[in-house]
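Chemist:
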Amino acid sequence: MDLVNMVEREQMKKELADFGPGDTVRIHIKVIEGSRERLQAFEGVCIERKNKGLRETFTLRRVAHGVGVERSFLIHSPNVEKMEIIRRGQVSRAKLYYLRSKIGKAARIREVRVNTSVSAAASKPSETGASPTPAKKSRKKA
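Add 911 to the 1-based position in the sequence shown for the working numbering, that's all there is to it.
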């Protein structure tokens, strides 16, 4: 094995949030101001992921006070304290650069809805043996 790859593999984070372009992500970053250290949150839509391995980055975009703000982060940076996925977006592109020219409702992204309660209820057999959803009545065409 290559020595560089071994060192990089040791520095990579083991547990990462699984997200991609179109997802709304909140990231907590360590900010050092003088002798103080605090966490700063930044929430936005992921518009791209670049590179692989230790050099992998992603860019978040949000509109703050009418001005578009984009920040790029290293995924494996020690300054990245925590990443939360707020909502999943359904997009058909890997790079969402076109969002830079969109404003307001035009910049919306379709949300992927994951309903775990319905799938869990459907997998459990009911106590009475009846189906969990009532059967639909058939309509006759006149």
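Quick reminder that beta carbons are idealized off the backbone N, C-alpha and C, glycines included.
What is the rounded straight-line gap between the Cα of Ala1018 and the Cα of Leu1010?
Modeler: Looking up residue 1018 in the sequence shown gives position 107. Looking up residue 1010 in the sequence shown gives position 99. Ala1018 and Leu1010: Cα-Cα distance of roughly 6 Å.
Chemist: Sort out for me which residues DSSP pairs Arg949 with in a bridge.
Modeler: For this step, residue 949 is matched to residue 38 along the sequence shown. The partner list for Arg949 (beta bridge, DSSP) reads Val942.
Chemist: Taking only the alpha-carbon atoms, compute the straight-line gap between Thr968 and Val974 and give it to the nearest angstrom.
Modeler: Along the sequence shown, one-based indexing puts residue 968 at 57. Along the sequence shown, one-based indexing puts residue 974 at 63. Their backbone Cα atoms lie some 20 Å apart in a straight line.
Chemist: Any contact between the segment 919–928 and the segment 940–957? By contact I mean 3 or more CB pairs, one from each, below 8 Å.
Modeler: no
Chemist: Is Arg1011 helix, strand or coil when you go by DSSP?
Modeler: Locating residue 1011 in the sequence shown gives position 100, where the first residue counts as 1. In the structure shown, Arg1011 sits in a helix (DSSP, three-state: H, G or I).
Chemist: In its own chain, which residues sit with a C-beta less than 6 Å from the C-beta of His939, not counting the 5 before and 5 after it?
Modeler: Within the sequence shown, the letter at position 28 stands for residue 939. Only Leu950, Ala952, Glu992 and Lys993 meet the Cβ criterion.
Chemist: Could you compute how far the alpha carbon of Leu985 sits from the alpha carbon of Val978?
Modeler: The count along the sequence shown starts at 1 and reaches residue 985 at position 74. The count along the sequence shown starts at 1 and reaches residue 978 at position 67. Their backbone Cα atoms lie some 23 Å apart in a straight line.
Chemist: DSSP three-state label for Val978, please.
Modeler: Numbered from 1 along the sequence shown, position 67 holds the residue referred to as residue 978. Reduced to three states, the DSSP call for Val978 is strand.
Chemist: What does DSSP give as the partner residues of Met994 in its beta bridges?
Modeler: Numbered from 1 along the sequence shown, position 83 holds the residue referred to as residue 994. Paired residue(s): Ile938.
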